[in-house]
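>
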Amino acid sequence: MALVEQEHMNEAGYRLSEASPGDFIALLKPRVMSLVVFTAFVGMAMAPGVPNPLLAMIAIAAIAVGAGASGALNMWYDADIDAVMGRTKSRPVPAGLVTPGEALAFGLVLSALSVVTLGLLANLVAGALLAFTIFFYAVVYTIWLKRSTPQNIVIGGAAGALPPVVGWAAVTGTVSIESLILFLIIFLWTPPHFWALALFKSADYERAGIPMLPNVAGHAATKTQIFVYAVLLALSGLLPVWAGFAGLAYGAVATVLGAGFLWYAWRVLRMPEGDQAMKPAKSLFAYSLLYLFVLFTALLAERLAAGLGFGG
492 MALVEQEHMN EAGYRLSEAS PGDFIALLKP RVMSLVVFTA FVGMAMAPGV PNPLLAMIAI
552 AAIAVGAGAS GALNMWYDAD IDAVMGRTKS RPVPAGLVTP GEALAFGLVL SALSVVTLGL
612 LANLVAGALL AFTIFFYAVV YTIWLKRSTP QNIVIGGAAG ALPPVVGWAA VTGTVSIESL
672 ILFLIIFLWT PPHFWALALF KSADYERAGI PMLPNVAGHA ATKTQIFVYA VLLALSGLLP
732 VWAGFAGLAY GAVATVLGAG FLWYAWRVLR MPEGDQAMKP AKSLFAYSLL YLFVLFTALL
792 AERLAAGLGF GG
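Heads up, the sequence shown is in this note's numbering, so the first residue is 492 and it goes up one at a time.
1. To the nearest whole angstrom, what separates the beta carbons of PHE691 and MET769, a pair I think is in contact under 8 Å?
2. GLN716 lies in the alpha helix (DSSP H); which residues open and close that run?
3. Quick check on the DSSP output: the alpha helix (DSSP H) that includes ARG758 runs from which residue to which?
4. Considering only the beta carbon of each residue, do TYR741 and ALA789 sit closer than 8 Å?
5. Just checking my contact of VAL785 with LEU748 at CB under 8 Å: how many whole Å lie between their CB atoms?
6. Tell me the rounded alpha-carbon separation between PRO805 and GLU669.
7. Quick one: give me the first and last residue of the alpha helix (DSSP H) that THR579 is part of.
8. As an exercise, report each continuous alpha helix (DSSP H) stretch of at least 4 residues that is fully enclosed by the region 565-625, in chain order.
9. Verify whether the separation of the beta carbon atoms of GLY557 and LEU673 is less than 8 Å.
10. Measure the alpha-carbon distance for TRP733 versus GLU764 and round it to whole angstroms.
11. Which word fits PRO544, buried or exposed, when buried means at least 16 other C-beta atoms lie within 10 angstroms of its C-beta?
12. Going along the chain, which unbroken runs of the beta strand (DSSP E) with 3 or more residues stay wholly within the region 629-671?
13. Taking the straight line between their C-alpha atoms, what separation do you get for ALA797 and GLY664?
14. Assess contact between the region 517-536 and the region 559-577, defined as three or more Cβ pairs (one per stretch) separated by less than 8 Å. Is contact present?
15. Between the C-alpha atoms of ARG761 and TRP680, what's the straight-line distance to the nearest angstrom?
16. Identify which residue in LEU601, SER667, ALA538 has its Cα closest to the Cα of GLY562.
17. Can you grab the Cα-Cα spacing for the pair ILE717 / GLY751, in whole Å?
18. If you follow the alpha helix (DSSP H) that ILE701 is part of, which residue opens it and which one closes it?
19. Would the region 693-707 and the region 580-590 be scored as touching if the rule is three or more Cβ pairs under 8 Å?
20. Consult DSSP for ALA531 and reduce its assignment to one of helix, strand or coil.
21. Would you say ALA649 and PHE678 are within 8 Å of each other, going by their C-beta atoms?
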């Protein structure tokens, strides 16, 4: 049996693998895709006008497929470093379940399908923005920034922040200050979210040779940067109220969430050097996911309530 498995692994690069549908779904990074779809949907919901429901569903599906394509291309290129990191070594390509060629072809086909679908059925602006998002994540972030600079997450975070802009454009065919504010919130959220992870996974990144901020600048500098970004994020969360496309209910939620983010970031800042448990960093990482979901849910709920006549 072991001999058969070894032979399969040796031949994996030269013939089609025996990957299951589930292995290809895993290439799409479903958890990341769900966040992309949700923020894109909020971008669509916040846009003026009422889109055709069928076209809206097709647009969301296209954005989801585009996000999945980015994930597949990322896993294709990063298979070598994924294989040495504890949290990624079981991904389909390093685990030998999907060949690199299959992952590349899968990602390219889905990229083209998603961009063409969104461009033709929604509008060319939305299609172009989706194409740029995929390119930025797969090429600018994955191939260039990730292995070359500790600012990889800061600059590369633009790709993850674009879905609400794409969603807005799918309805309006334009990019507006409102959609750019949604972009800014996610853009400022990304560094403290991933640097919290990098603090308690620094050994993984060290083995892989990825220049994450804790490995390059040290934990003290990383903790300071996390707090600085937490302050900026808490302030940016209030911009929808300032810009006039969110009300006091959202503002109250954003204030409480921002204060919570600052508290968790302060705990990280005060975390003793050499703390092996890393509980404050783990808590901030978990809270950051809740923060973004609840913040965008508050925007969506307020907009839906207004549409039903329960608000301004």
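Beta carbons: idealized from backbone N, C-alpha and C, even for Gly. If you're wondering where the values come from, they're calculated on a predicted model, not measured in any experiment.
This is what the structure holds:
1. Taking the sequence shown and counting its residues from 1, one reaches residue 691 at position 200. Taking the sequence shown and counting its residues from 1, one reaches residue 769 at position 278. Sure, about 4 Å apart at Cβ, within 8 Å.
2. As a working note, residue 716 is residue 225 in the sequence shown. Counting along the chain, the unbroken alpha helix (DSSP H) around GLN716 starts and ends at 710-727.
3. Taking the first residue of the sequence shown as position 1, residue 758 is located at position 267. From DSSP, the alpha helix (DSSP H) with ARG758 extends over 739-760.
4. Your numbering for residue 741 matches position 250 in the sequence shown. Your numbering for residue 789 matches position 298 in the sequence shown. Cβ atoms of TYR741 and ALA789: closer than 8 Å.
5. The residue you call residue 785 lines up with position 294 of the sequence shown. The residue you call residue 748 lines up with position 257 of the sequence shown. Between the beta-carbon of VAL785 and that of LEU748 there is about 6 Å, and that keeps the pair under the 8 Å contact cut.
6. Nothing about residue 805 can be read from this structure; the chain reaches only from 492 to 803.
7. Here the question's residue 579 lines up with position 88 in the sequence shown. Where THR579 is concerned, there is no enclosing alpha helix (DSSP H), given that its DSSP letter is neither H nor E.
8. For the region 565-625, whole alpha helix (DSSP H) runs of length 4 or above, ordered along the chain, are 570-573, 591-612.
9. Stepping through the sequence shown from its first residue, residue 557 is reached at position 66. Stepping through the sequence shown from its first residue, residue 673 is reached at position 182. Result no, Cβ atoms of GLY557 and LEU673 do not sit closer than 8 Å.
10. Position 242 of the sequence shown, counted from the first residue, corresponds to residue 733. Position 273 of the sequence shown, counted from the first residue, corresponds to residue 764. In a straight line, the C-alpha of TRP733 is about 39 Å away from that of GLU764.
11. The residue given as residue 544 occupies position 53 in the sequence shown. Looking at its Cβ environment, which holds fewer than 16 other Cβ atoms inside 10 Å, PRO544 is exposed.
12. Entirely contained in the region 629-671, not one beta strand (DSSP E) run reaches 3 residues.
13. Taking the first residue of the sequence shown as 1, we reach residue 797 at position 306. Taking the first residue of the sequence shown as 1, we reach residue 664 at position 173. Just so you know, the alpha carbons of ALA797 and GLY664 end up roughly 23 Å apart.
14. With three or more CB-CB distances shorter than 8 Å, the region 517-536 counts as touching the region 559-577.
15. Here residue 761 refers to the residue found at position 270 of the sequence shown. Here residue 680 refers to the residue found at position 189 of the sequence shown. Cα to Cα, the separation comes out at about 20 Å.
16. As a first step, residue 562 must be located in the sequence shown, where it is residue number 71. Here the closest residue by C-alpha is LEU601.
17. Locating residue 717 in the sequence shown gives position 226, where the first residue counts as 1. Locating residue 751 in the sequence shown gives position 260, where the first residue counts as 1. The alpha-carbon atoms of ILE717 and GLY751 are separated by roughly 14 Å.
18. To locate residue 701, count along the sequence shown from 1; it is residue 210. Per DSSP, ILE701 belongs to no alpha helix (DSSP H) and is neither H nor E.
19. No: the two stretches stay apart, fewer than three of their Cβ pairs being nearer than 8 Å.
20. Within the sequence shown, numbered from 1, the residue matching residue 531 stands at position 40. It is helical.
21. Working through the sequence shown from its first residue, we reach residue 649 at position 158. Working through the sequence shown from its first residue, we reach residue 678 at position 187. It is a contact, given that the beta carbons lie within the stated cut-off.
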